[in-house]
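Novice: Taking my numbering, the leading residue of the sequence shown gets 73, the next gets one more, and so forth. All C-beta atoms, glycine included, are put in the ideal place defined by N, C-alpha and C. First, the structure itself, so that you have it in front of you.
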Amino acid sequence: DFTDGVAWLRAAVELHRASGDRLREGDALRQLSSIQRCGALTAESERTGREAVALLEGCPPGRELAAAYGNLAMLALNVNDHDAAASAGARGLELAEQVGYTEVVVHTLNTIGTNELIQGDASGREKLERSLRLAQEAGLEEHIGRAYIHLADVAQRTRDYELGDTYFG
């Protein structure tokens, strides 16, 4: 239930804000942004996602900031803002690789690869396929599913029948 999820995460944001824990507040904002997106609150999700990044930029760089940039990249991809997706994705991937945060590496590679493929850049396929392999190796089922969803989406959008046959034929 997205309504409950949004309410709970807003409460978490306020608790962390009241306690002065900027890192947890920023991470809760990132999670709230992701739930808002899933609940069709697109504009609010983008505002919350940007607020998370702004807050976390003032903290030591780590997994939370990497995840926040990965979230911004995903939000931008979902509204076909390809430049913003590439920029946020690059920053998120760099941070995630520096701190060894596999789940965000997987998520962000997926976003970057999908973004590139949608724009006709064939090098995106390697990134998306690497994301899938890493997700499978780590047992990240949600990310495995997301990779297949994006492979199917790209294949149908770009009429890449070879890609579609490779995974779904």
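Of all the options Glu-198, Glu-97, Val-151, which has the alpha carbon lying nearest to the alpha carbon of Leu-137?
Specialist: In the sequence shown, residue 137 corresponds to position 65, counting from 1. Closest option to Leu-137, Cα to Cα, is Glu-97.
Novice: With a CB to CB cut of under 6 Å and the five nearest residues on each side skipped, what residues in its chain are close to Ser-159?
Specialist: Counting from one through the sequence shown, the residue named residue 159 turns up at place 87. Nothing meets the Cβ criterion.
Novice: Using the rule of at least 16 other Cβ atoms within 10 Å of the residue's Cβ for burial, across every protein chain shown, is Gln-103 buried or exposed?
Specialist: Stepping through the sequence shown from its first residue, residue 103 is reached at position 31. Buried, since its Cβ has 16 or more Cβ neighbours within 10 Å.
Novice: Once the 5 residues before and after Leu-165 are set aside, which same chain residues still bring their CB inside 7 Å of it?
Specialist: Taking the sequence shown and counting its residues from 1, the one referred to as residue 165 is at position 93. The residues are Val-177, Thr-180, Leu-181, Ile-184.
Novice: Quick check on the burial criterion: 16 or more other C-beta atoms within 10 angstroms. Buried or exposed for Gly-227?
Specialist: The residue given as residue 227 occupies position 155 in the sequence shown. Per the sequence shown, the amino acid found at residue 227 is Ala instead of Gly. Result: buried.
Novice: According to DSSP, is Ala-112 helix, strand or coil?
Specialist: Within the sequence shown, residue 112 is the residue found at index 40, counting from 1. Coil, per DSSP.
Novice: How about Cys-131 and Leu-81: do their beta carbons lie closer than 8 Å?
Specialist: On the sequence shown, residue 131 is found 59 positions in, with the first residue counted as 1. On the sequence shown, residue 81 is found 9 positions in, with the first residue counted as 1. No, these two residues do not count as a Cβ contact at 8 Å.
Novice: Measuring alpha carbon to alpha carbon, tell me which of Arg-205, Leu-113, Thr-186 ends up nearest Gly-49.
Specialist: Residue coverage of the chain in this structure runs from 73 to 241, which leaves residue 49 outside it and unanswerable.
Novice: Taking 8 Å as the threshold (C-beta atoms), are Ala-157 and Leu-245 in contact?
Specialist: The requested residue 245 is not part of the displayed model; the chain covers only 73 to 241.
Novice: Determine the direct distance from the alpha carbon of Glu-175 to that of Arg-122, and round the result to whole angstroms.
Specialist: Your numbering for residue 122 matches position 50 in the sequence shown. Your numbering for residue 175 matches position 103 in the sequence shown. When rounded, the distance between both Cα atoms is 21 Å.
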